[in-house]
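Residue numbers (the working numbering): 3 to 445.
The C-beta atom is built at its ideal place from N, Cα and C for all residues, glycine as well.
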């Protein structure tokens, strides 16, 4: 059995930080302890002096685009981008071709990930108006959740039948992840603004997909979850008003949780003037006041940070606003963005670990991941602090080749990423064969 000692590093956990070491045996953390390990060690020794050690990031909201949309991205390219950014586990959304709306679809996608993904993975089952039978039959041990579109979507996954909507909340055996935007509100806004501003730019996007569209839909999701006692995670919260729907208490004590994306914590409507369609996403990046409210709610009403990583080709994003698709690639830079927010004083490093590693594991009941604890899977990131780096095109590993983060200067570098005990990223390139696993859940 391979053994690795990560010595002399600063270990960061929710409880605080301390100088210590980690011993890995096979794919598992065998020991986490304070102080320096000075005894003889039979195995690989990694000197982490001057570096931070934290659990691998669990990104529970990505679109890796395979099958069917591989001109934009695929499991190989995006999982490489993920480990380069310190992400060790992803949950993939059903917006592919075909859409992932049957249990067979889930298994086919999982088979692709098993062959191509450098990070651990799980697959969402998408809800439709007519697949309740599949939802009720899914295996809670192997399927991360049900993705419910309560607003605009692709591939016929908009659930707009009231009976079905109620049935999903009543019958789902796993957590529901809801995309909340009122379809009627967005459609009305779009019709009005297209007529008034046929040559509009992305500056208009937060008015088309406005606060009311988000709040009314999120409020309905919370109301239904309360009524049926459902486990609900409301995806990508973007407005201050929505925050009032969620309780301010520890994540493990909640049945209804809320996530925010790194993009909505980083960008605001002032950035449309320079970035335009490159930050066009659904729900929209909104005002500075909304962004500041989201930042203030971290670890309180907001439970986790994800990406909604959604690559499109550069050609697609360069189309006129009304034609350009929504979504941006962020899986490679979510941790760097969060660490920069720590440097700015928006949150602590301990809070970043809680929101990006611990909380996703708690919300979805992931088995033995998300923490630096003995007996847990050795998904680990080593971070070099106080290293200025400005993101260039050559730093982007996503297949689409662009990022709204291009030109941003960060203060940290991902020095190493371990997946199931094996170093997969060495700070410059992939350095291991695929060793990922399908995530298992304690349900």
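In DSSP terms, what residue 93 is bridged to: Here residue 93 refers to the residue found at position 91 when the chain shown is read from its first residue. Looking at the DSSP assignment, residue 93 forms a beta bridge with 124.
Per DSSP, what kind of secondary structure is residue 305 in: helix, strand or coil? Mapped onto the chain shown, residue 305 falls at position 303. Correct three-state label for residue 305: coil.
Spatial distance of residue 413 from residue 91 (CA atoms): Counted from its first residue, the chain shown places residue 413 at position 411. Counted from its first residue, the chain shown places residue 91 at position 89. Cα to Cα, residue 413 sits roughly 24 Å from residue 91.
Neighbour-count burial assignment, residue 287, 16 or more Cβ in a 10 Å radius: Your numbering for residue 287 matches position 285 in the chain shown. The residue is buried, with at least 16 neighbouring Cβ atoms inside 10 Å.
Specify the secondary structure class of residue 32 as computed by DSSP and reduced to three states. For the purposes of this step, residue 32 is identified with residue 30 of the chain shown, where counting begins at 1. DSSP places residue 32 in strand when its eight states are reduced to three.
Going straight from the alpha carbon of residue 374 to that of residue 177, what length do you get? Indexing the chain shown from 1 puts residue 374 at position 372. Indexing the chain shown from 1 puts residue 177 at position 175. If I take the Cα positions, the gap works out to 25 Å.
Nearest to residue 259 by alpha carbon, out of 224, 282, 291? To locate residue 259, count along the chain shown from 1; it is residue 257. Closest option to residue 259, Cα to Cα, is 224.
Shortest alpha-carbon distance to residue 20 belongs to which of 430, 415, 11? The residue given as residue 20 occupies position 18 in the chain shown. Selected option, being the one with the closest Cα: 11.
Contacting residues, own chain, Cβ-Cβ under 7 Å from residue 161 (five flanking each side not counted): Sequence index remark: in the chain shown, residue 161 carries index 159 (1-based). Answer for residue 161: 129, 130, 131, 150, 151, 152, 167, 170, listed in chain order.
Using the Cα positions of residue 203 and residue 315, report the straight-line distance between them to the nearest angstrom. Position 201 of the chain shown, counted from the start, is the residue given in the question as residue 203. Position 313 of the chain shown, counted from the start, is the residue given in the question as residue 315. Cα-Cα distance, rounded: 19 Å.
Bounding residues of the beta strand (DSSP E) (the contiguous stretch that carries residue 7): As a working note, residue 7 is residue 5 in the chain shown. Per DSSP, residue 7 belongs to the beta strand (DSSP E) from 5-15.
Could you check the C-alpha separation between residue 371 and residue 363 for me, to the nearest Å? Translated into positions along the chain shown, residue 371 becomes position 369. Translated into positions along the chain shown, residue 363 becomes position 361. Computed Cα separation, rounded: 7 Å.
How long is the line joining the alpha carbons of residue 27 and residue 277, rounded to whole angstroms? Stepping through the chain shown from its first residue, residue 27 is reached at position 25. Stepping through the chain shown from its first residue, residue 277 is reached at position 275. Approximately 46 Å, taken between the alpha carbons.
Euclidean distance between Cα positions of residue 428 and residue 84: Reading the chain shown from its first residue, position 426 is the one you call residue 428. Reading the chain shown from its first residue, position 82 is the one you call residue 84. Whole-angstrom Cα-Cα distance: 13 Å.
One or two residues paired with residue 77 in a DSSP bridge: As a position in the chain shown, residue 77 is number 75, starting the count at 1. Beta-bridge pairing links residue 77 to no other residue.
With DSSP as the reference, identify every bridge partner of residue 420, one or two as the case may be. In the chain shown, counting from the first residue as 1, residue 420 sits at position 418. BP columns for residue 420 point to 382, 425.
Report buried or exposed for residue 79, applying the criterion of at least 16 other Cβ atoms within 10 angstroms of its Cβ. The count along the chain shown starts at 1 and reaches residue 79 at position 77. By the 10 Å Cβ count, residue 79 comes out buried.
Which listed residue (266, 117, 213, 318) has its alpha carbon closest to that of residue 308: Residue numbering aside, residue 308 sits at position 306 when the chain shown is read from its first letter. Among 266, 117, 213, 318, the Cα nearest to that of residue 308 is on 266.
Restricting to runs no shorter than 4 residues, where is the alpha helix (DSSP H) found entirely within the region 290-350? 290-298, 316-319, 336-345
Give me the Cα-Cα distance between residue 337 and residue 61, rounded to the nearest whole angstrom. What you label residue 337 is simply residue 335 of the chain shown in a count that begins at 1. What you label residue 61 is simply residue 59 of the chain shown in a count that begins at 1. Cα-Cα distance, rounded: 10 Å.
Three Cβ pairs or more, each shorter than 8 Å: is that satisfied between the region 294-301 and the region 229-247? yes
Based on Cα-Cα distance, which residue from 323, 121, 124, 158 lies nearest to residue 200? Residue numbering aside, residue 200 sits at position 198 when the chain shown is read from its first letter. Among 323, 121, 124, 158, the Cα nearest to that of residue 200 is on 323.
For residue 332 and residue 264, which I take to be in contact (beta-carbon distance under 8 Å), what is that distance rounded to the nearest angstrom? Locating residue 332 in the chain shown gives position 330, counting from the first residue. Locating residue 264 in the chain shown gives position 262, counting from the first residue. Correct: roughly 6 Å between the Cβ atoms.
Is it the case that the Cβ atoms of residue 210 and residue 159 are separated by a distance below 7 Å? Residue numbering aside, residue 210 sits at position 208 when the chain shown is read from its first letter. Residue numbering aside, residue 159 sits at position 157 when the chain shown is read from its first letter. Contact flag unset, no.
Tell me whether residue 136 sits in a helix, a strand or coil according to DSSP, three-state version. Start at 1 with the first residue of the chain shown, and residue 136 comes out as number 134. Helix.
Could you name the residues of the same chain whose beta carbon sits closer than 6 Å to that of residue 405, not counting the 5 residues immediately before and after it, in chain order? If you number the chain shown from 1, residue 405 lands on position 403. Excluding positions up to five away in sequence, the list reads 331, 398.
Beta-carbon separation of residue 70 and residue 98 under 7 Å? What you label residue 70 is simply residue 68 of the chain shown in a count that begins at 1. What you label residue 98 is simply residue 96 of the chain shown in a count that begins at 1. Yes, the pair counts as a contact, with Cβ atoms nearer than the cut-off.
Which stretch, first to last residue, makes up the beta strand (DSSP E) that contains residue 131? As a working note, residue 131 is residue 129 in the chain shown. Per DSSP, residue 131 belongs to no beta strand (DSSP E) and is neither H nor E.
Within the chosen definition, does the region 242-249 reach the region 212-223 through at least 3 CB pairs nearer than 8 Å? yes
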